[in-house]
DNA sequence: CTAGATCGTTTACGCCGTAAACGGTCGGGC
DNA sequence: GCCCGACCGTTTACGGCGTAAACGATCTAG
């Protein structure tokens, strides 16, 4: 029970992610170190072994090299992690991350926000163990809010919305509501993936005994456990996203009718 | 600029937090170790020095004890962190966390969700460095979603909503939407606090030179930077929370009119 | 041919989590 | 009164961590 998706409808973001897994694993390639190769290896390592398993020595080993060799290209472990985050986030600007491009080429701000949201979601699903890092690493400026972490992304967001007629204040409010929405949804989604994985590789005796920890004293939980275990991430993401867009559209129309007003959406 | 609140209206959750800061610091008390004392010290330590500074040796030192002494009461560092999270989260059930009690005593489900949201927000603001832990530690069951991390909290949530007339499916959907909302908002809020703090204790030369990293190539950012720096966390939290409650109320009424229907809110 | 730049290795240091052995200080049964 | 186990903090020790510094080896330009 509680499979990742039901069998008739597949999650389009997940499909895009799975189809992209063609790159060969690194594992003890000859040599020719390089900051880019290091970052790529680090991302792959975290994807496979989890963030806490990443050490300079082990990362060096997967590249066929001693730990200290990495320091020619990376100032230290913290900066390496920053690099990983930047790298993962910047794939949004790649020409096609799956099937659509969103930046600088879109049909209105709603289409833009949709593409952006699904783009970020694909990143999260492609690198579930990296995403918490995207969420928690201190951003470039205090007013930059993960997961839209780069000045370029924020500029693109605000530029698109103001061009579409949002007053500056409404665009900024939209940026904040949008990032909260993305962060909350996606962090919970990747956390759930991680939890499922870490349960699977620890059978630890009876495979069924540990799952239900005597919910007898929690009647509502007992009754709804099957519902709680259902994965509706994709549908809920879509629903919440559309709700947010509706809310923003309402704000935009109000702003257009009464021009100089600045009271709404906090 | 960018003060925490404007000067005419204070953030009630923040005020509640600040007024509660009367407990004396621990710092080399004689002896009498105890799991509770250790957890309290750990929380205080993280609040003051950040999560990454917490080591068994240093925590022992603040308690006037060697690191190994802690292992009589705590299985290891990871379990210590779990204990910290549990402890911080369980303060929600304390008789009065500030000025109101929410559990088992409320005026309808909307009042309950309001009290709960503000209760969790007070926790986040009281322990900004602990909250990311609350968000990221794997929960007790895969379907438990931070920051409502304990079976008790989930039971309370679902029980209250189903008693108020929500069908099970709608209550579960509400639980998911609600936790996404809380996590996104509060994680971003404490991240911002952390970023401001870490900027302040590193003056690093000219106090103004580092703030603006040549935004000249980002026109929308340049134009809205002042707006972006404004802190409207409390108002936005309230706004988004009320919006969510409205959405849930719509769902509830639809469910009441067409009884056996199960199609809405994903 | 040689001098310097380039780049990976080796060695070393201090800190980490924690296993294991140790000692000191009690309170209750003989 | 004495002793002996239980309790509880300390000491010692080990392997792994991030990383500074010294050290080769290998290429390339003059």
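Residue numbers (the numbering used here), protein chains in the order written: chain A, 1 to 266; chain B, 1001 to 1266.
We put the CB at the ideal spot given by N, CA and C, even for glycine.
DSSP three-state call for residue i: helix, strand or coil?
{"i": "residue 209/A", "result": "With a pLDDT of 48 at residue 209/A, under the threshold of 50, the modelled position of this residue cannot be trusted, and the question is left open."}
{"i": "residue 1049/B", "result": "helix"}
{"i": "residue 10/A", "result": "coil"}
{"i": "residue 107/A", "result": "coil"}
{"i": "residue 1229/B", "result": "helix"}
{"i": "residue 253/A", "result": "helix"}
{"i": "residue 244/A", "result": "helix"}
{"i": "residue 1015/B", "result": "helix"}
{"i": "residue 1165/B", "result": "coil"}
{"i": "residue 1034/B", "result": "coil"}
{"i": "residue 1144/B", "result": "coil"}
{"i": "residue 219/A", "result": "helix"}
{"i": "residue 130/A", "result": "coil"}
{"i": "residue 1258/B", "result": "coil"}
{"i": "residue 115/A", "result": "helix"}
{"i": "residue 1149/B", "result": "coil"}
{"i": "residue 1137/B", "result": "coil"}
{"i": "residue 1028/B", "result": "Interpretation of residue 1028/B is limited by its pLDDT of 45, a score under 50 that renders its predicted location unreliable; no figure is taken from the coordinates."}
Could you tell me which chain A residues have their CB closer than 7 angstroms to the CB of residue i, listed as they occur along the chain?
{"i": "residue 1155/B", "result": "218, 220 and 221"}
{"i": "residue 1159/B", "result": "220"}
Against residue i, what residues of chain A qualify as contacts under a CB-to-CB distance less than 8 angstroms, listed in chain order?
{"i": "residue 1058/B", "result": "Chain A residues near residue 1058/B: none, gap ~19 angstroms exceeds 8 angstroms."}
{"i": "residue 1247/B", "result": "243"}
{"i": "residue 1177/B", "result": "236 and 240"}
{"i": "residue 1271/B", "result": "Because chain B is modelled from 1001 through 1266, residue 1271/B falls outside the range shown and cannot be assessed."}
{"i": "residue 1108/B", "result": "Per Cβ cutoff of 8 angstroms: no residues; residue 1108/B is ~17 angstroms from chain A at best."}
{"i": "residue 1014/B", "result": "Here the premise fails: no neighbours, minimum Cβ distance about 16 angstroms."}
{"i": "residue 1011/B", "result": "Per Cβ cutoff of 8 angstroms: no residues; residue 1011/B is ~13 angstroms from chain A at best."}
{"i": "residue 1196/B", "result": "142"}
{"i": "residue 1139/B", "result": "191 and 195"}
Can you tell me whether residue i is buried or exposed, with buried defined as 16 or more other CB within 10 angstroms of its CB?
{"i": "residue 1002/B", "result": "Caution applies to residue 1002/B, whose pLDDT of 44 falls short of 50 and renders its modelled position unreliable; the value that the coordinates give is listed next. The residue is exposed, with fewer than 16 neighbouring Cβ atoms inside 10 Å."}
{"i": "residue 1122/B", "result": "buried"}
{"i": "residue 1149/B", "result": "buried"}
{"i": "residue 176/A", "result": "buried"}
{"i": "residue 1075/B", "result": "exposed"}
{"i": "residue 192/A", "result": "buried"}
{"i": "residue 253/A", "result": "exposed"}
{"i": "residue 32/A", "result": "exposed"}
{"i": "residue 1272/B", "result": "The structure shown does not extend to residue 1272/B, since chain B spans only 1001 to 1266, so no value can be given for it."}
{"i": "residue 1083/B", "result": "buried"}
{"i": "residue 1053/B", "result": "exposed"}
{"i": "residue 236/A", "result": "buried"}
{"i": "residue 1258/B", "result": "exposed"}
{"i": "residue 13/A", "result": "buried"}
{"i": "residue 17/A", "result": "buried"}
{"i": "residue 1055/B", "result": "exposed"}
{"i": "residue 62/A", "result": "buried"}
In chain B, which residues lie less than 8 angstroms from residue i when you measure between Cβ atoms?
{"i": "residue 131/A", "result": "What residue 131/A touches in chain B: nothing, since even the nearest Cβ is about 10 angstroms away."}
{"i": "residue 185/A", "result": "1180 and 1184"}
{"i": "residue 76/A", "result": "Those within 8 angstroms of residue 76/A in chain B number zero; the least Cβ separation is about 14 angstroms."}
Identify the contact partners of residue i in chain A, using a Cβ-Cβ distance below 9 angstroms as the criterion.
{"i": "residue 1162/B", "result": "220, 223 and 224"}
{"i": "residue 1136/B", "result": "132, 135, 136, 187 and 191"}
Under 7 angstroms between beta-carbons, which chain B residues line up against residue i? List them in chain order, please.
{"i": "residue 119/A", "result": "Chain B residues near residue 119/A: none, gap ~18 angstroms exceeds 7 angstroms."}
{"i": "residue 151/A", "result": "1218 and 1221"}
{"i": "residue 145/A", "result": "1188"}
Determine the chain B residues that contact residue i at a beta-carbon separation under 9 angstroms, and present them in chain order.
{"i": "residue 116/A", "result": "None at all; the shortest Cβ gap to chain B is about 15 angstroms."}
{"i": "residue 168/A", "result": "1220, 1223, 1224 and 1227"}
{"i": "residue 171/A", "result": "1220, 1224 and 1227"}
Inter-stretch contact (C-beta, 8 angstroms, three-pair minimum) for the segment 1214-1225 of chain B and the segment 158-165 of chain A: yes
Any 3 or more C-beta pairs closer than 8 angstroms across the segment 1134-1142 of chain B and the segment 183-199 of chain A: yes
Touch test, the segment 136-153 of chain A against the segment 1225-1239 of chain B, Cβ-Cβ under 8 angstroms, three pairs minimum: yes
Touching by the beta-carbon criterion (3+ pairs, under 8 angstroms), the segment 65-82 of chain A and the segment 116-127 of chain A: no
Whole alpha helix (DSSP H) elements within the segment 1042-1093 of chain B, 4-residue minimum: 1056-1062 and 1077-1090
Given 8 angstroms, three or more beta-carbon pairs between the segment 231-242 of chain A and the segment 167-174 of chain A: no
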